[in-house]
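**Q** Residue 3 is where the sequence shown starts when you use our numbering, and the numbers rise one by one after that.
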Amino acid sequence: MNPLLPQLGDPVVDFALIVHRTCRIDQKSLRRYSRAQPVGKGVVRIQQHGDFGLVAAQIALDFLAGIEGAGKYAIEGDFGRVDLGPELVDGPAVVFAEGALGGEEKENGMGRGLRLGEGEGRPVETLQAEVVQGRGTAGDTKEQHEPGKKKVKKAAHRHGIAKGAAAPKAPISQRPAQRRKAFLRKRPNRFAIPPLPPDIWPEAQPLWGICLAHRPDVMRRITLYFLLSTLLSLPVLAQEGRLSGTVTDAETGAPLAGATVFVIGTYKGGYTDDQGKFTLSGIKAGDYSVKFSYVGYAERIYNGVSIPAGGTQTLEVALNSAVTTLGEVEIVGQKTLIDLESGQSSVKIGQDDLAEMSVTNVQDVVSMQVGVSENPDGIVIRGGRVYETEYLVDGINAQDPLAGTGFGVDVNASAVQNVEVITGGSDAEYGNGSSGVILTRIREGGKAFRVQGSWYRDNLGFHVNQGPSWNTDDANFSISGPIWKDKLTFFASASMFLSDEYFRATADQLHSSLFTQNDSLWAPRQDNRWSNTLKLAYTIKPGLKFTLTNQHSLNINQSTRSLQIIGNDDIVRPGFQFSQSLDLDNANTYTHHSNLTVANLRGVLGEQWTFELALGRLFTNLRADANGRPFREETVDQIYDPQSIVTSPVDVFNPNGDAVYVFPGPGLVNNGGIATLWHDHYAEEYTLKNKYTFETQDKVHYLSMGFEHKEQTYQWIDVTRPWVGAPIRINDTLSTPSTSLGRSSDVWLVRPATGGLFFSDEIQYKGIIAVLGVRLNYWAPGRFADEAVANPDAPVLDAVREDYMNQTFGLLGRRWKARLLPRLRVSFPVTENNVLYFNYSHAMRLPHPRFLYAGLDPVYQDRSFLSNLGNPNINPEVTVSYEVGLKSQLTKDLALTATAFYNDKFDYIVSRRVEVRDATGRFVEKTFFINQDYARIRGLELGLTRRIGTYFTGTVSGAYQIATGKSNTAAESALQIRQQGFVNTTKEQFLAWDRPLDAKMLLIFTPDSTVYLGPVPLEGLRVSLSGTYKSGLRYTPFELVRVDASSGRPEYERIEDQPFAKVGAPWFWMDLRISRDFHITRRSSVALSFEVKNLTNYQSSAIVNGVTGRAWQEGDPLPLSFRDPAYPDPQDNGLPPNNPARFLAPRQILFGLQVNL
């Protein structure tokens, strides 16, 4: 045999190589003998079977096309498995594989038999003996004759076994050259089978044959080809091995008969025998995860199990009772890079990974994942809107339902056990996230007492707010451990983040009307974030555990993105109040106060049932005021409207001409006016959630069912220019009466209810996993809406009253609506460690309550032109998603994921102007909301993760997507009507938040004691490098239309029929973090760290100039809506272009200290 080829007994390769001297075989004979089809002169393709057969054949043909003499010789191979069936019994290239020679599996999953021809079966042992004795040859389908032996008829060869034929004296490849040539001339398509020693493959011997061409130069080329293909296609040419071992009870040591053994990512599986022993044969050599399960016991997964080529890997497995582990899966070995059993597009980041990443809170963690994009207005998942994400902490909603930011309760990264981001294929358990689901689990205390703390800052007491310093402090402290034995543990933490931000404009002091005492303590900087966490865990008894979590956060800042009133806001713009930047002490200050309490009870009910019961209370309160000022003074005695006015010294234009003009003010508020918005809302939610799981005895079905119900209270007060209509003081004793609640207002208090019933069945059968789920979501707008519909004095359209009664049903004194949401998820291995999956799901997002309740209260009626009118019959926004993907664990240290998705979103909310009667009986025009808009997002995602040893992990991911739709906000369609008189419902436009390309990188280097830099050990060093490159913000382009004759300024106008058609300059940044641990004792350490954000100081454009496609820089032309410093004009009235928020954050350098005790 050629030493470059695999040796006999390689179970998976079972390699058959045939060299045809095609000048002696016509096409008719080829079809008759080998069932092969000619594909070119001298080249034939034999019928291929198995995972890699077609690929290998194509490689061979491509190679032969360039070989000299290919017109005379052709080479073909069959790589991988071959089932011996009727379709191949006439073929000369019959290969027996799978350790059972293609036989069918018997009931016990261990012994195998051989299926031949027309169903004739013969035991493995008999066939093995024949092969070992040299009685079998495969290849001749006519006659086979050796000297001294009787001719064997063709009929005897229909089973691929030559009964009664003696073994050849030697393989053809080992015969003298002259005899080999003579033999080839006589039987050019024959290959011989050498005798095989019985100890190579105990269960069954592969049939192996090879025929070498008589031309040495061709043989050298063929040998070189197979050497290269072996190096480049190791998975293809992998060999087989076996897995065996014993499964026992961890407590008693008794063997577990009938336990399930399954190799994840394959179709290989079986059961233990009466002694708890198992053997799985025919496993391709490589690294796998192996799962062991048994009814009443916790599943245990062994990662990184290596199956040797031609050998046996042994595992001794002890399973713990499910009561002891609360049904959780136990993992042994290093974490796998991807989850081959999950058909979801998801990623879970654990506590260890979080410690190495440069992140502050959950939002930072989420933004680093594939398919997630961070825009100036928030987090976007797969092209959705920022509010479409479902955000859960310990299983309960933690999102402010009224703020519109997609988040609510702020959780510091140091308090997190793990974060899971699901971008596709979420379970039926989750019902209010139409773009994605973010699951956050809070840490628990352990058996040992631990104290941890860290402090990062970007200055050392000097050069504050200069260069790479923004006067930032980031500190957290945590303490955890046992309270009573090992049954009761606690975890407590507190964190603080303070910064003046990079805009170089600050207020003297931020004030909040919610916290009137010690505001200098709670708001010493421009951005102030506080959070604290407390979690108690009590193991009542084995199999029953209770946890209590309280998560509290307080944010005080001046970012307008703290409150995104859906439908009116500028989209995808920074929250810096540039117009107020000269007097930030009179700008809006936002105070967001959140508190989440969750009580969880988890337990095991018998051997097959588990349950989870959760009770939660969420309270969020957001106040926006003029830096702590009250709603309005008792009487108005000054001018509050913010304006830009001319101040001394006065600048004049054309001072030497006949007419002298005074330049206007700077364009920024400088008259002492205050912010025009006063807003307060609170949301209180009480949630009851119950979930049961049931697993059948055969481990085929895993049922999950339950319900979730929320009782909610929402209060909303939103007033523009609250001083309008206030009493005006005439003298010390006389003032005018109050006439209105500001220029425009919206006030309501409602008590809606929502919930859902869910059921899913996860079916596992021989490597195929299908999850069939359904969720029934229901909701009640509440008695406020019910009474408004029934009240003839309420400003509700007659058509809405009729539809509301027809499309809702009455139950328990309220009107309800419901929607059914199906879910389907299927995954199956296509080859070993390569899993293909498909997802189909319906998801919905309840509309912002403002669209339902605005203006429905007949007592608080807004009579302004800007007033809104809610629609109590409005429906949820719905997403139908399709997804197909591939997860490939190439090796235990290399993984690849590829996903294609299509999200069809409809029933987006748009606004229209309607006429209704107000409380006085007159007709007034209001803004009304309906379901009409739609969007489509389609994209591709790729991810590659590489691990080297235990000290290096690298992840590279990329996403390309296109998001198109009808409009970006509810107000945009109404604007289209005012501009052009209609809305084109068939023409789509790019959505403002569409970011076509998004590439991310994360490298983590944590060397151990074996890694040195010269003579210096690198143990304790930790390096993290992350990078992001993404397409810039979309914008509507401008075109040059004229040049002003007097000033020479070029004038640009917006191209209205190309909304958001262009993509701005790309975003790019890299973050580097280096830390070094210094051990004090075995358990105590101190770490020093150095961190650089935006390492290259790249200027990414956050506000795009529509003329140039990038952020404004000095000398760039500008649209007429902006002041152009190059062309001063006394008629200027727009903002100057030098908004410091037009770029993302520049380089920042932080120094850190961490303590672990």
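Where a beta carbon is used, it is the ideal one built from N, C-alpha and C, also for glycine.
In this text, all values refer to a predicted model and were calculated from it rather than measured experimentally.
Is the number of C-beta pairs between the region 685-695 and the region 610-617 that are closer than 8 Å three or more?
**A** The region 685-695, when compared against the region 610-617, does touch it at the 8 Å Cβ threshold.
**Q** Which residues does DSSP pair with M846 in a beta bridge?
**A** Paired residues: V880.
**Q** Please state if the CB of L848 and the CB of T434 are separated by a distance shorter than 8 Å.
**A** The identity of residue 434 in the sequence shown is Asn, whereas the question assumes Thr. A contact, by the Cβ cut-off of 8 Å.
**Q** With DSSP as the reference, please indicate the residues paired to L736 in a beta bridge.
**A** According to DSSP, which records beta bridges pairwise, L736 is partnered with nothing at all.
**Q** If we count the other Cβ atoms within 10 Å of its Cβ and call it buried at 16 or more, is S1086 buried or exposed?
**A** Under this definition S1086 is an exposed residue.
**Q** Quick one: using the 10 Å Cβ neighbour count with 16 as the cut-off for buried, is K449 buried or exposed?
**A** Exposed, since its Cβ has fewer than 16 Cβ neighbours within 10 Å.
**Q** Between K928, L888, T929 and R938, which lies nearest to D906 when the distance is taken from Cα to Cα?
**A** Taking only the C-alpha atoms, the option nearest D906 is R938.
**Q** Within 10 Å of its beta-carbon, does F451 have 16 or more other beta-carbons around it, so buried, or fewer, so exposed?
**A** F451 is exposed by the Cβ-count criterion.
**Q** Can you tell which of R619, T1110, D289 and L871 has the C-alpha that lies nearest to the C-alpha of Q241?
**A** That would be D289, whose Cα lies nearest to the Cα of Q241.
**Q** Considering just the uninterrupted stretch of the beta strand (DSSP E) at F264, what are its terminal residues?
**A** Note, F264: beta strand (DSSP E), T262 to V265.
**Q** Tell whether a beta-carbon distance below 8 Å holds between S514 and I558.
**A** Cβ distance < 8 Å, so S514 and I558 count as in contact.
**Q** Thinking C-alpha only, which one of L854, V319 and G455 is nearest I932?
**A** Comparing Cα-Cα distances from I932 to each of L854, V319 and G455, the minimum goes to L854.
**Q** Give a yes or no on contact between the region 534-545 and the region 503-522, applying the rule of three or more CB pairs nearer than 8 Å.
**A** Judged by Cβ distances under 8 Å, the region 534-545 makes no contact with the region 503-522, as fewer than three pairs qualify.
**Q** For G438, list the residues DSSP reports as bridge partners.
**A** Answer is T391, bridged to G438.
**Q** Suppose you measure from the CA of Q640 to the CA of L871; what does that come to, to the nearest Å?
**A** Their Cα atoms are separated by approximately 33 Å.
**Q** Can you tell me which of A477, E764 and V374 puts its alpha carbon nearest to the alpha carbon of V423?
**A** Ranking the options by Cα distance to V423, first place goes to V374.
**Q** Threshold first: 3 residues or longer. Then list the beta strand (DSSP E) segments lying entirely within the region 726-775, N to C.
**A** Fully enclosed beta strand (DSSP E) runs of 3 or longer: 746-752 and 755-767.
**Q** Exposed or buried, which one is G104 when buried takes at least 16 other CB atoms within 10 Å?
**A** Here the model assigns G104 a pLDDT of 30, short of 50, so the residue's position is not dependable and the matter cannot be decided.
**Q** How many Å lie between V574 and A994 at the Cα?
**A** Their Cα atoms are separated by approximately 7 Å.
**Q** For D720, collect the residues of the same chain with a Cβ closer than 6 Å to its Cβ; drop the 5 residues on either side in sequence, then sort them by chain order.
**A** Contacts found: H681 and D748.
**Q** Which two residues bound the contiguous alpha helix (DSSP H) that contains N808?
**A** Per DSSP, N808 belongs to the alpha helix (DSSP H) from D800 to Q809.
**Q** Could you give the first and the last residue of the continuous beta strand (DSSP E) run that contains E713?
**A** Here the beta strand (DSSP E) through E713 covers H703 to T722.
**Q** Would DSSP call E446 helix, strand or coil?
**A** E446: coil per DSSP, three-state reduction.
**Q** Looking only at DSSP bridge pairs, what is D476 linked to?
**A** DSSP, once it has assigned bridges, lists Y458 and F499 as partnering D476.
**Q** Counting only the same chain and skipping the five closest in sequence on each side, list residues whose C-beta sits under 6 Å from that of S596.
**A** Only G410, V411, S555 and T622 meet the Cβ criterion.
**Q** For the beta strand (DSSP E) holding E614, just list the boundary residues, first then last.
**A** Segment W611 to D627, the beta strand (DSSP E) holding E614.
**Q** Give me the Cα-Cα distance between R821 and E764, rounded to the nearest whole angstrom.
**A** Each residue's Cα considered, the two are about 23 Å apart.
**Q** CA-CA distance, R531 and Q365?
**A** Distance between the alpha carbons of R531 and Q365: 13 Å.
**Q** Which of helix, strand or coil does DSSP assign to E687?
**A** Looking at E687 - three-state DSSP - the assignment turns out to be strand.
**Q** Can you say whether S291 is buried or exposed, counting buried as having 16 or more other CB atoms within 10 angstroms of its CB?
**A** The residue is buried, with at least 16 neighbouring Cβ atoms inside 10 Å.
**Q** Which same chain residues end up closer than 8 Å to L1159 when comparing Cβ atoms and leaving out the 5 residues on each side of it in sequence?
**A** Result list for L1159: R452, V453, Q454, R1085 and S1086, in chain order.
**Q** Excluding the 5 residues preceding and the 5 following N305 in the sequence, name in chain order all residues of the same chain whose CB lies nearer than 8 Å to its CB.
**A** Hits under 8 Å: S291, I333, V334, G335, Q336, K337, T338 and K894.
**Q** So the beta strand (DSSP E) V292 belongs to, where does it begin and stop?
**A** Here the beta strand (DSSP E) through V292 covers G288 to S295.
**Q** Taking the alpha-carbon of L759 as reference, which of K691, N793, A790 and S737 has the nearest alpha-carbon?
**A** The residue with the shortest Cα to Cα distance from L759 is K691.
**Q** Determine whether the beta carbon atoms of S246 and F280 lie at a separation below 8 Å.
**A** Yes, they are a contact pair.
**Q** Pull up the DSSP beta-bridge partners for V349, would you.
**A** In DSSP, V349 forms a bridge with V423.
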